[in-house]
Structure formats: C-alpha cells, structure tokens
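Shown next, in structure tokens, is the structure this report addresses.
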Amino acid sequence: MQIWDDFVLWLHRPLVAIKKHGCRSQKQDCSVRSLTTVIKEASFFSNSVGLHKDSVPRFCLTQLHRPSAADELSFQQRLETCTSSRQVFRLLRSVEILSDTMAAAALHSVADLEQEGTALRDPTVLEDDTIRALCFQLEQDSERLTDAGLVSALLACTRLCLDPWSTLMVQLKSESQTRLDRGQFTVGQLCTLGQAMLAVEGPGSGMLEQVMVQIQKQEPAQWGLPDLVAVYRLLQSSVGEDGKYRDLLNAMHTHAVTVTSRMDPAAVSGVLNALVTLNQMQAMPLVISLCKQAVRHVHNFTDEELTCVLGALMHFGHSDHYFVKAMEKLVPTMAFTSHPETVTKVAQFFGHRNILSFAVFDAVAESFVYRASDYSTSQVARQIMAFGKLGYLPPNESQLFRKIEAILHSSYSQFQPGTLLNLLHACILVERFPVNFLSKVFSSYFPQQLQYQNEVIDRGVLAQLTQLYMTVKLECPFYEVKLTTCLGLETPMTCDLNRLASVDLIIFNILAQKWHDMDKNHKSFFVLTRDLTGKTCDLVTPLDS
Numbered sequence: 057m058q059i060w061d062d063f064v065l066w067l068h069r070p071l072v073a074i075k076k077h078g079c080r081s082q083k084q085d086c087s088v089r090s091l092t093t094v095i096k097e098a099s100f101f102s103n104s105v106g107l108h109k110d111s112v113p114r115f116c117l118t119q120l121h122r123p124s125a126a127d128e129l130s131f132q133q134r135l136e137t138c139t140s141s142r143q144v145f146r147l148l149r150s151v152e153i154l155s156d157t158m159a160a161a162a163l164h165s166v167a168d169l170e171q172e173g174t175a176l177r178d179p180t181v182l183e184d185d186t187i188r189a190l191c192f193q194l195e196q197d198s199e200r201l202t203d204a205g206l207v208s209a210l211l212a213c214t215r216l217c218l219d220p221w222s223t224l225m226v227q228l229k230s231e232s233q234t235r236l237d238r239g240q241f242t243v244g245q246l247c248t249l250g251q252a253m254l255a256v257e258g259p260g261s262g263m264l265e266q267v268m269v270q271i272q273k274q275e276p277a278q279w280g281l282p283d284l285v286a287v288y289r290l291l292q293s294s295v296g297e298d299g300k301y302r303d304l305l306n307a308m309h310t311h312a313v314t315v316t317s318r319m320d321p322a323a324v325s326g327v328l329n330a331l332v333t334l335n336q337m338q339a340m341p342l343v344i345s346l347c348k349q350a351v352r353h354v355h356n357f358t359d360e361e362l363t364c365v366l367g368a369l370m371h372f373g374h375s376d377h378y379f380v381k382a383m384e385k386l387v388p389t390m391a392f393t394s395h396p397e398t399v400t401k402v403a404q405f406f407g408h409r410n411i412l413s414f415a416v417f418d419a420v421a422e423s424f425v426y427r428a429s430d431y432s433t434s435q436v437a438r439q440i441m442a443f444g445k446l447g448y449l450p451p452n453e454s455q456l457f458r459k460i461e462a463i464l465h466s467s468y469s470q471f472q473p474g475t476l477l478n479l480l481h482a483c484i485l486v487e488r489f490p491v492n493f494l495s496k497v498f499s500s501y502f503p504q505q506l507q508y509q510n511e512v513i514d515r516g517v518l519a520q521l522t523q524l525y526m527t528v529k530l531e532c533p534f535y536e537v538k539l540t541t542c543l544g545l546e547t548p549m550t551c552d553l554n555r556l557a558s559v560d561l562i563i564f565n566i567l568a569q570k571w572h573d574m575d576k577n578h579k580s581f582f583v584l585t586r587d588l589t590g591k592t593c594d595l596v597t598p599l600d601s
C-alpha cells in the first residue's frame, strides 16, 4: 500500500518543464485516472524536452500492470511492419499502455527509418507530439524503468541524435551510472550501455571503461548466444581495436566455436564482420565453423548479411566446397533483385578465390546488362575485374561490353583514377581493348591524380600501366600512345621502381617494334608480364640474327 500511495502522490504532482530559458509550473490535471498519465505537449529546444499546451497522447510506463509478453511481442511485430515514422506514431497512439521496453523499441524503430549516417534524414520527426510525449514520459520515469528499458532507451536517444546535455539524456545517463555502480546490469545490458556511451562520449568514455571492466570479470563460457554476439559487436565498435582485450577475445573465440551450430543468419554475419574489423587472424577455427554454419543460412541471409559474410571469407582467405555449391544455386535467383553491392561482392568472392563458376558469372553478366545503371563506378570496375582475373567471357559478352562502353562514355569523368585503371586493365585481360578511353590513363597528369587520391603507385600499378601499354602497342598498332615516365611523379619513386619502369619501357618498345617488323613465320607467342594474381611471366619472342 505504501508503494501505491507513493505512486499516486507522484502521479498528481505538478509537471515541471526545465528549459534553458527558465522554469515554470503547469497546472495539475484532475482528470487523471487509473495508471494513465495525462501529459502536456513537449517542445524541443536544442533537442531538449519541455512542455506547453495540451496534447492528446497518453502513455503509462509504470511497472505496475505491465503488458503481457504476448502483447509486447504483438507490438514488436507490428513495429516491424511500419515503413515510415508516421506509421510508428500512429501505432503508438493506438496503444493505451506501454512498457518501457516497448517505448524504447518504438524509438529504435524511428531511428531505423530516419537515421542516415550520423544525422536524421528528416529531423522534423522529433517535433511530432507523440515522440515528444514519449520522451517526456521516459524522462519522468527514469528511476522506475527496468534495466533493459533504461539502457535501450538511452541507446535509442543517441541514435535519434538528441542533445547529450538535454534533460532526458542527462536523466538517463545519471540513472545508468547509478545502476552501473551497483553492478546490476547483465552482459547484454552492459553492451547496450557501452554502445550508447561510445556514441555519446567516444572511446575515452569513463562509463565505457567501467562497462568493459565488468564484462571482463564475466566468464565467456557461461554466456548465452545473444550476450556473446553483443560483446563481439561492442568490441567491433572501436573498443577492441589495437590489440585490446586479447585474452577476452581468445576466450570468446573458444566458446563461440561450441555454439556456432545454434547461430542464426544475423549472428553468423555479425560475428564474422566483427572478426574482420578486429583482424582476428588467429581465429581461423571459428571462421571455418562459421562458414559451415553459413551454408545452412545462404538462402536466409539479407543482402547486407551476405555481403558481410562474403567480405569476411575473402579477408580470411577461406572458402568451403559446400558454401560454393550453395552460392551457385542462390546467385541466379538473386542477381537481378539483390543490392548492387551484394552482387558485386559475389563476383569479387569468386574472383578472389579463383573459382570459375559458369552459373555465377553468367548470372552476374546478365544482371549487369539488365541493371547496369544501378551500379556505381567502383562496383562496375570490381565486377569486371573478377571476369578479367579469371579470363572468362560470358555468353552475352557483346552486350556486356557494349554496356561497359556506354558507362564509360556517360560517366568517364566520374571514375577515380585507380578505379579506371583497374577497369581498363581488366578489359585487356579478356582481350578487349578500350582504346577510346586510354587517353586519361596515358596522360602526363595520371600519376599525380593517383597520388592525389592517396593511392600508392607500387609495382602492381606499374605492372598494370606497363601491361596496358604493351597490349595496346602490340594488338592495336594503329593507336599511337606515349607512356609517361616515372620522372613525372611529384613524389620521387625508389630507385628500384624507377629503374624497373624505365628498363621495361625500353625493352617493350624494342620488342614491340620487332614484333611488327618480323615475318609471320618468325613470330611466336607472348604472355604479358604481370596479371592481377601477382604472377610474373616471361615475354618470349624468337628473334633472327
């Protein structure tokens, strides 16, 4: 009864809005009944919450008479069907009583729909009466929120780009610090709090350091799968970089191998992505185990998840026979509808692993012709590089290269220097000679452009330029081109690279001239000097006396 009396007294106390411009009291609303609080409309000043006028939304976030688990699940499912913030607000207004976790989930849903980089796509969503009312109720009830609801609401507010010094944020952070000092958060809740503090204060946050200290006191072998994945994601967010928490990571890897068979697609993708970010090359047993589990989920991965999985397997240099077979069945069904980056990553994966799959590359080629305008210049180059590395021409090669030529004509100036070089070099590897687009590569400004884009001019770049020059010289004698020497670079190159390039150009000029002057009976074959695999080959030409 004492708890009930305290709650009733709190419910009927005057609502006070704290603003930068001063304080003022609001009249009590005598119409308040039961457990539903009638609140006033909130107004934001620099993303802080205040009150004025009357508003319709009514929310109850008290812990008394919480919605049932079935009601919360139904609410979450309805949230997932919302495709705009307005739909989320309508859903909130249709619910009479919310738990704190439901309120936090609604804020996360708005963030999912509106977040774009480090800002909101439409900041005016924060002016909606419903979200203002919900934020004010979270501020007033901060001490009564559950641990899960508290940290989730704090993280949601950071994702909505609220002012860290607003009354709501200060209240939530203060309450989180109090409970953190008591050590009452679970591992999963610690991770949520850590993500929030990382967003608010950065890697140097004192609360974040306190969170990591408490996580390290735990035994990873006793963690459930959600907690394990949550810690991986927290460490991935710059917390575990530079070799920090090595012992914790090794213990997590050991435990993760034992629970991989229970991981869903999101967990497999999330852990693999974390391993890449943290560069955990010593975790190959876990990578192999995750790859085997990925075979089961190939058809269930979202585009983003599949992109992460393929990127991780390329990073660790691993592929599985069964995974490749599963991809060969999947790609023809998804190449025309999946995200352009996902299709590009598929081509990159098979090229990187030197796997020539006709089913995959034919589907990628058909998709490219069908939706070429969907791809960025980088994606175009990376796809064609895979074809070039494997030396494969698909059945629709004429259509494919007509599309490439059209893209080069329309978007030539949009290609970065390194991207353009990669694309043109890939073309000559499949015996297609883009002479109409070589002027930029062979101009005196191209080396400077490469350096301006912070691209290293190493042996690989020199080999591409030399091979491009030699191929055009031999295969297209009508095209006159002069390759710029290394002395044109703003930054002096090493003696070895300079000597290599100079000698190469002299020899290639002599051999090219000999090649075209020789009688057909004396001509032999030639193999270009260096390809994308990094292998060096000899150029063989029999010369008479």
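One rule links them: number in this note's numbering = place in the sequence shown (from 1) + 56.
C-beta: ideal position from N, C-alpha, C; glycine also.
The structure presented is a predicted model; accordingly, all values stated were derived computationally and were not measured.
Excluding sequence positions up to five before and after residue 355, its CB lies within less than 7 Å of the CB of 386, all in the same chain and listed in chain order. Classified as buried, residue 394 has 16 or more neighbouring CB atoms from the shown chains inside 10 Å of its CB. Taking the C-beta atoms as reference points, residue 428 is found no nearer than 7 Å to residue 381.
In this structure, the beta-carbon distance from residue 313 to residue 342 falls below 7 Å. For residue 196 and residue 298, the gap between their C-alpha atoms comes out near 41 Å.
In the three-state reduction of the DSSP assignment, residue 336 falls in the coil class, being assigned neither a helical nor a strand state.
By the criterion of at least three beta-carbon pairs nearer than 8 Å, the region 299-307 is not in contact with the region 342-353. DSSP, read as helix, strand or coil, puts residue 159 in helix. Per DSSP, the continuous alpha helix (DSSP H) segment holding residue 405 begins and ends at 396-408. When only Cα atoms are considered, residue 490 and residue 275 end up about 60 Å apart. Annotated three-state conformation of residue 472 is coil, per DSSP.
DSSP places residue 454 in the uninterrupted alpha helix (DSSP H) bounded by 453-467. Apart from the 5 residues on each side of it in sequence, residue 261 sits with its Cβ closer than 7 Å to the Cβ of 253 and 254 in its chain, given in chain order.
Nearest in C-alpha terms to residue 263, of all of 520, 280, 241 and 283, is 241. Between residue 444 and residue 265, the alpha-carbon positions lie close to 48 Å from each other. As the crow flies, the alpha-carbon of residue 188 is around 7 Å from that of residue 182.
Annotation for residue 265: the continuous alpha helix (DSSP H) segment containing it runs 262-272. Boundaries of the alpha helix (DSSP H) around residue 126: 125-136. Distances from the alpha-carbon of residue 388 to those of 373, 257 and 415 put 415 closest.
Note on residue 269: under 16 other CB atoms within 10 angstroms of its CB, so exposed under the neighbour-count rule.
Close CB contacts of residue 478 within its chain, under the 7 Å cut and outside five residues either way in sequence, are with 437 and 441 (chain order). In this structure the region 499-513 does not touch the region 525-533; the number of beta carbon pairs closer than 8 Å is below three.
Within the same chain, Cβ atoms closer than 8 Å to the Cβ of residue 134 are found at 147, the five residues on either side in sequence being excluded.
With distances taken between CA atoms, residue 258 lies nearest to 220 out of 281, 226 and 220.
Within the DSSP bridge table, the entry for residue 172 names 175 as partners.
In the structure shown, the three-state DSSP call for residue 533 is coil. Around the beta carbon of residue 361, 16 or more other beta carbons sit within 10 angstroms, so the residue counts as buried. Nearest C-alpha to residue 492 among 514, 468 and 335: 468. Contact between residue 217 and residue 176 holds: their C-beta atoms lie close to 6 Å from each other, under 8 Å. Taking every protein chain shown into account, the CB of residue 272 has fewer than 16 other CB atoms within 10 angstroms, so this residue is exposed.
Counting along the chain, the unbroken alpha helix (DSSP H) around residue 255 starts and ends at 243-257. Taking 7 Å as the cut-off, the beta carbon of residue 212 is found closer than this to the beta carbon of residue 164.
Ranked by how close their Cα comes to the Cα of residue 184, the residues 166, 520, 173 and 194 have 166 in first place. Beyond the five residues adjoining it in sequence on each side, residue 201 comes within less than 6 Å, by CB distance, of 156 in the same chain, given in chain order. DSSP, reduced to helix, strand and coil, places residue 488 outside both helices and strands of the structure shown, so it counts as coil.
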